[in-house]
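Asks: Got a structure for you, written out below as structure tokens; questions coming shortly.
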Amino acid sequence: IGVINVNNKSSKDIFTIDDLGLLNKLADFAAAAIETVRQQQKDRILEQIKAELVSHISHEFRVPLTVIDEVIELLLREISSPLDDKQKRFLELAKQSTERLKRMIDEWLSYAKNGSREIKDNSKFFDLVSVTKHVVYSMDLLARNKGVFIKGRFPPESELKIWGNEDEITQVLVNLIHNAVKYNRDGGTAEVCFETLANIVKIYISDTGIGIPEQSLEKIFDKYGRHEAVIEQNLEGHGLGLSISREIVRKHGGEISVTSQVGKGSTFVVTLPINPK
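The working numbering puts the first residue of the sequence shown at -3, with every later residue one more than the last.
Take a look at the structure:
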């Protein structure tokens, strides 16, 4: 880092071994302090760059998203032509998704403006069954286009209230069910089912897809972690969805696990506390 030059101006004598020991300690402390300040300066610069980037991207996303939302609203009002029930259902699903995206963008902008410590906690009691049904229905068209059949087996209770951030849990379900469709085979199935135990709920997302090698089961939860079969088949993706999903679930006091057989499919299990408070 640099050099400390010390002169003995009081006695003009040479330094003793003890003096040199203290000076070496002083140099170590000074080096650590200087390096800490340098790192803090770097962190501040990086944080500023990150905030500006998040703010810019969020703003750029918001403009086309608002246009899409307005077009959907016009169609739902049947201004162009009457809609049948199926068309209305698809448009309502699209509208719900755009509204969720706008809420997420507002959170990103709040983060960029105020920093993570001042982000509003949007946790509340919400119906997990209703949210899961919405995601399954919204993925149905994508699945049909790929030749995959989605099955949903929901608990007999009309609703299941849990405490958490509804948008974040929705994001987890979207990531996992989308993967169950994307990495499936033509004519395959993806199944979503529930299990409630005491104060926890388990959501199973199974598929009949390419499967995951045993040595890659933990790697897939790392950022940008993609296993060999996905890379070899040149399937799209960046390896962020599962990392983000695990982070969200752990934030809610839960966990994600996976079992898989190569060539036969995978089952992801999301375990969430019903009321972590």
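Even for Gly, the Cβ is constructed at its ideal location relative to N, Cα and C. Here the structure is a predicted model, which means the values were calculated and not measured.
For the alpha helix (DSSP H) that contains residue 246, what are its first and last residues?
Replies: 237 to 247
Asks: What does the Cβ neighbour count give for residue 171, buried or exposed, with the cut at 16 atoms within 10 Å?
Replies: buried
Asks: For the beta strand (DSSP E) containing residue 200, name the first residue and the last one.
Replies: 196 to 203
Asks: Residue 300 and residue 239: beta carbons closer than 8 Å?
Replies: Outside the shown range of the chain (-3 to 273) lies residue 300, about which nothing can therefore be said.
Asks: Does DSSP put residue 160 in a helix, in a strand, or in coil?
Replies: strand
Asks: Specify whether the stretch 86 to 98 and the stretch 34 to 48 touch according to this definition: at least 3 beta carbon pairs, one from each stretch, less than 8 Å apart.
Replies: no
Asks: Can you pull the DSSP bridge partners for residue 186?
Replies: 146 and 203
Asks: Can you give me the Cβ contacts of residue 1 inside the same chain, cut-off strictly under 8 Å, excluding the 5 residues immediately before and after it?
Replies: Once the five neighbours on either side are set aside, residue 1 has no close Cβ partner at all.
Asks: Classify residue 293 as buried or exposed, calling it buried when 16 or more other Cβ atoms lie within 10 Å of its own Cβ.
Replies: No statement about residue 293 is possible, as the shown extent of the chain runs from -3 to 273 and does not include it.
Asks: Nearest-angstrom Cα distance between residue 83 and residue 246?
Replies: Note on geometry: alpha-carbon atoms of residue 83 and residue 246 lie some 37 Å from one another.
Asks: Given that a residue counts as buried once 16 or more other Cβ atoms are within 10 Å of its Cβ, and exposed if not, what is residue 17?
Replies: Exposed.
Asks: When DSSP labels each residue in this structure, what does residue 121 get in the three-state scheme?
Replies: strand
Asks: Look up residue 67 in the DSSP assignment and say whether it is helix, strand or coil.
Replies: helix
Asks: In three-state DSSP terms, what is residue 25?
Replies: In the three-state reduction of the DSSP assignment, residue 25 falls in the helix class.
Asks: What is the DSSP secondary structure of residue 252, counted as helix, strand or coil?
Replies: DSSP, read as helix, strand or coil, puts residue 252 in strand.
Asks: DSSP three-state label for residue 155, please.
Replies: Correct three-state label for residue 155: coil.
Asks: Residue 259: buried (16+ other C-beta within 10 angstroms of its C-beta) or exposed?
Replies: exposed
Asks: Considering only C-alpha positions, which residue in the set 257, 209 and 192 is nearest to residue 267?
Replies: 192
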